[in-house]
Amino acid sequence: MSAIAFSLRGKDTVFPVTKQNSDKQETPEGDTKHLPDYFIHSQQQETANFTKKTLFATAHNHNINLFPTFALYTNHIKQGKNIMDKKLLVPLFLGTAAQYALTAQESPNIVLILCDDMGFSDLGCYGSEIQTPNIDQLAENGVRFSQFKNTGRSCPSRASLVTGRYQHEVGMGWMADVDEHRPGYRGQLNKEYPTIAEILKTGGYSTYMAGKWHLTTKGAYNAPNGTYPVQRGFDRYYGCLTGGGNYYKPSPIYNNLERVTELPDDYYYTNAINDSAASFIKQHDPDNPMFLYVAHYAPHLPLQAPEHAIQKCIDRYKAGYDVLRRQRFERQKATGLVPADMELPVHDKEFNGKRPAWEELTAEQQEQWTRNMATYAAMIEIMDAGIGHIVEALEAKGMLDNTVFLFMSDNGASEEAGFLGRLMADLSNTPYRSYKQWCFQGGTSSPLILAYGNSKKNKAKGQICRQPAHIIDILPTCMALGNVPYPENYRHSDLPGMNLLPAIANKQTEPRTLFFEHQGSCAIIEGNWKLVRENRNLHWELIDLATDPFETNDLAKEMPEKAEELEAKWINWAEQHHVFPLEDKSWGERINFYLEKNPDQSGK
Ligand SMILES: [Ca+2]
């Protein structure tokens, strides 16, 4: 089917890409080999020196050995412009929060928290042994989604999150590493489409962002080109334009449009993000509603955490992944996140036909896996603790009762750390198949929690929402929460996503079709049916999600007409969203090819 479809487009040159060889060729987005030069000394040196002195002094005064605190970032942030809009506009908007479970007398503050490469089962409230009490508290006060989907990769998910559109439509069909000068693959956001910050500002919101942006093309990391966070609607920004590559020395870090080139010895990026977010809250004028986007790098590779935090977790991983995976699955069934009558699958397909049992690993492999998994868990627990500080900052400011939190991951857990890494991701993505960057459930499934700070405002407290949701839905949901309509001065008002507030109020949402594509891995979900393929050179698999949510049974040969129907719909979507032509080159070859072809990488 697919071979015919693509040959009609003249795609007769095929470069076979299997999962195995693409693993070797590709490099995760956090790899420092793809980052620009660190420590660019410029006219901002004076600022950097001031910052360093302030950071060291504050750390010393608070007797902190490992982590910078909340206050450390205040001085970073104070150097930025304060352009808060005092006007509070509350335009009419159909389908507002007031109609549904979450109600408020005024536009609520919105805290949108995104983490990076965290699997479906990695939160306590999604079945994990990883201790996430602060996120679990949000889940207890709010609603957990069991069928929330992302795009399977960082840049595309972030593009969809902040624009409410499929990634290719806004120019982020692949990664920020190169501007391919193709409409769907510019490596940054198309300025024709407003961001969530630009939209909410028109409703009187003050807008802040801390963390990983990943929506500016790499060629512009050293020179603001109109696509940096404060150039796309955020009043204030502190964070790294890319993932950062290193939790102790991420790069390139910006404070608004100023490059931050020196960091204290005790710097840890996850804490810097949470502390910056808390600092923005402290400085916020509560006369305006606040939109705060907290974009974590954790628990993306590299595995880096303080030793004491790793040691706190290490004993629980000595049981091995078979026991832990079973325990996670049983908790998911008990909670209602997966059907209670399902059996836990073993995804042998992802291990060349035979996934090893824990007992089959060597003692050295078991020890290494245990250490790696404890480090991964520690990275999530540190993130969770910082989210607790964000909640405390809101409470101290008297803003908590009128704040809505949304928490999610940009894609499923990654198997980029080799064989043992794949066995980690297999646990993280329990019970789903496959990993980050592929369009199977393990790559595109994430927790989604939506909760009011004041649990009394959330009539659906503690419930599981089983209706399908997608990362394109977050923007229209936030618009509905804030009573903010699509700005008249922008084109493209036809948002593809939906407001999720009716779904959490147990109102049945309209049936719809969801689409996926990343590096030739493609999928379409319509009702209970999913058509999915690992890459464009492999056949489509037809899955009945009603009976087989873990994607173990391919029905394509039994139901070819259904498969063809869904494939035709996927092709129609792809043709309308700048997806074609698909690119088969490996990570490095693809970047080099387009760099040579398009010397202008300024993104202007
Ligand atoms: Ca990611």
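Take the sequence shown: its position 417, counted from the start at 1, is 433 in this note's numbering, and no numbers get skipped.
Idealized CB from N, CA, C, for every residue including glycine.
Point to revise | 7 Å CB neighbourhood of A321 in its chain, flanking five on each side removed | key: Result list for A321: T391, A394, M395, I398, in chain order.
Point to revise | Residue(s) in a DSSP beta bridge with Y253 | key: Its beta-bridge partners are M225.
Review point. Just the Cα atoms here: how many angstroms apart are M358 and G536?
Key: Straight-line Cα distance between these residues: approximately 30 Å.
Review point. Anyone know if the C-beta pair for D195 and Q617 falls short of 9 Å?
Key: It is a contact, given that the beta carbons lie within the stated cut-off.
Point to revise | From L611, H594, L422, L319, residue whose alpha carbon lies closest to that of L517 | key: Ranked by how close their Cα comes to the Cα of L517, the residues L611, H594, L422, L319 have L422 in first place.
Point to revise | Spatially closest choice to A350 from E599, A288, G140, by CA coordinates | key: Checked all of E599, A288, G140; the closest Cα to A350 is G140.
Point to revise | Buried versus exposed call for F435 [16 or more other C-beta atoms within 10 Å across all chains shown] | key: Exposed: under 16 other Cβ atoms inside 10 Å.
Point to revise | Length-filtered (4 minimum) alpha helix (DSSP H) runs lying within the segment 444-489 | key: Restricted to the segment 444-489, the alpha helix (DSSP H) segments that are unbroken, complete and at least 4 residues in length are 457-460, listed in chain order.
Check your understanding: Does the beta-carbon distance from G259 to D132 come in below 9 Å?
Key -> Against a cut-off of 9 Å, the Cβ pair of D132 and G259 comes out as a contact.
Check your understanding: Tell me, which residues are paired with K546 by DSSP?
Key -> BP columns for K546 point to I541, I559.
Exercise for review: Name the residue from P172, G168, E122, E185 whose alpha carbon lies nearest to the alpha carbon of E591.
Suggested key: Shortest Cα-Cα distance from E591 to any of P172, G168, E122, E185 involves E185.
**Study point:** Stretch pair the segment 150-167 + the segment 469-479: three plus CB contacts closer than 8 Å
**Key:** These segments touch.
Practice item. Look up I126 in the DSSP assignment and give the residues it is bridged to. Key: Looking at the DSSP assignment, I126 forms a beta bridge with F307, V420.
Review point. Who are the Cβ neighbours of Q121 in its own chain at under 7 Å, not counting the five residues just before and after it?
Key: With a pLDDT of 47 at Q121, under the threshold of 50, the modelled position of that residue is not reliable, and the figure given next carries that caveat. None.
Check your understanding: Is K165 near ligand 1, with its Cβ less than 8 Å from a heavy atom?
Key -> No, since every heavy atom of ligand 1 falls outside the 8 Å radius drawn around the Cβ of K165.
Exercise for review: Just the C-alpha distance for N610 and S509, rounded to the nearest angstrom, thanks.
Suggested key: At residue 610 the sequence reads Tyr, which differs from the Asn that was named. Whole-angstrom Cα-Cα distance: 32 Å.
Review point. With respect to 8 Å, is the separation between the Cβ of S625 and the closest non-hydrogen atom of ligand 1 below this value?
Key: For the chain, the structure presents residues 17 to 620; residue 625 sits outside this window and is missing.
Practice item. My understanding is that T223 touches F307, with C-beta atoms under 8 Å, so please give their C-beta distance in whole angstroms. Key: Sure, about 5 Å apart at Cβ, within 8 Å.
Check your understanding: Are the beta-carbon atoms of I126 and Y221 separated by less than 9 Å?
Key -> Between I126 and Y221, the C-beta spacing is below 9 Å.
Exercise for review: Decide if R552 is buried, meaning its Cβ has at least 16 other Cβ atoms within 10 Å, or exposed.
Suggested key: Residue environment analysis places R552 among the buried positions, since at least 16 neighbouring C-beta atoms fall within 10 angstroms of its C-beta.
Review point. So, using beta-carbon positions, are L558 and E542 closer together than 9 Å?
Key: No, Cβ-Cβ distance for L558 and E542 is not below 9 Å.
Check your understanding: What whole-angstrom Cβ distance do N470 and D417 have, given they're in contact under 8 Å?
Key -> A Cβ-Cβ distance of about 4 Å is found for the pair N470 and D417, placing them in contact under the 8 Å criterion.
**Study point:** Rounded separation between A562 and K585 - CA only
**Key:** Looking at the two C-alpha atoms, the distance is approximately 20 Å.
Review point. Should H316 be counted as a contact of ligand 1 given a C-beta to heavy atom distance under 8 Å?
Key: Distances between the C-beta of H316 and the heavy atoms of ligand 1 include at least one below 8 Å.
**Study point:** First through last residue of the alpha helix (DSSP H) which encompasses A323
**Key:** The residue asked about is misnamed: residue 323 is Glu in this sequence, not Ala. For E323, the enclosing alpha helix (DSSP H) covers residues 323-330.
Check your understanding: Based on the DSSP output, what are the partners of H534 in its beta bridges?
Key -> BP columns for H534 point to S537.
Review point. Secondary structure at S162, three-state DSSP: helix, strand or coil?
Key: It is a strand residue.
**Study point:** Endpoints, the alpha helix (DSSP H) within which E577 is located
**Key:** Annotation for E577: the continuous alpha helix (DSSP H) segment containing it runs 576-592.
Check your understanding: Of the choices G135, N544, D564, C538, whose alpha-carbon is the least far from that of H555?
Key -> Ranking the options by Cα distance to H555, first place goes to C538.
Check your understanding: Within the present structure, is the beta-carbon of D426 separated from the nearest heavy atom of ligand 1 by less than 8 Å?
Key -> Result yes, Cβ under 8 Å from ligand 1.
Review point. When we look at the beta-carbon of T460 and count the other beta-carbons within 10 Å, is it buried (16 or more) or exposed?
Key: Within a 10 Å sphere around the beta-carbon of T460 sit 16 or more other beta-carbons, which makes this residue buried.
**Study point:** R275, DSSP secondary structure in three states
**Key:** The DSSP-derived three-state label of R275 is strand.
Exercise for review: Select from Y285, K234, N522, T446 the residue whose C-alpha is nearest the C-alpha of D338.
Suggested key: It is T446 whose Cα lies nearest to the Cα of D338.
Point to revise | Any non-hydrogen atom of ligand 1 closer than 8 Å to D193 Cβ | key: No.
Review point. DSSP puts T391 in a beta bridge; with which residues?
Key: For T391, which the question treats as bridged, DSSP gives no partner whatsoever.
Review point. How would you call I607, buried or exposed, if buried means at least 16 neighbouring beta carbons within 10 angstroms?
Key: Classification of I607: buried, given that the 10 Å Cβ count is 16 or more.
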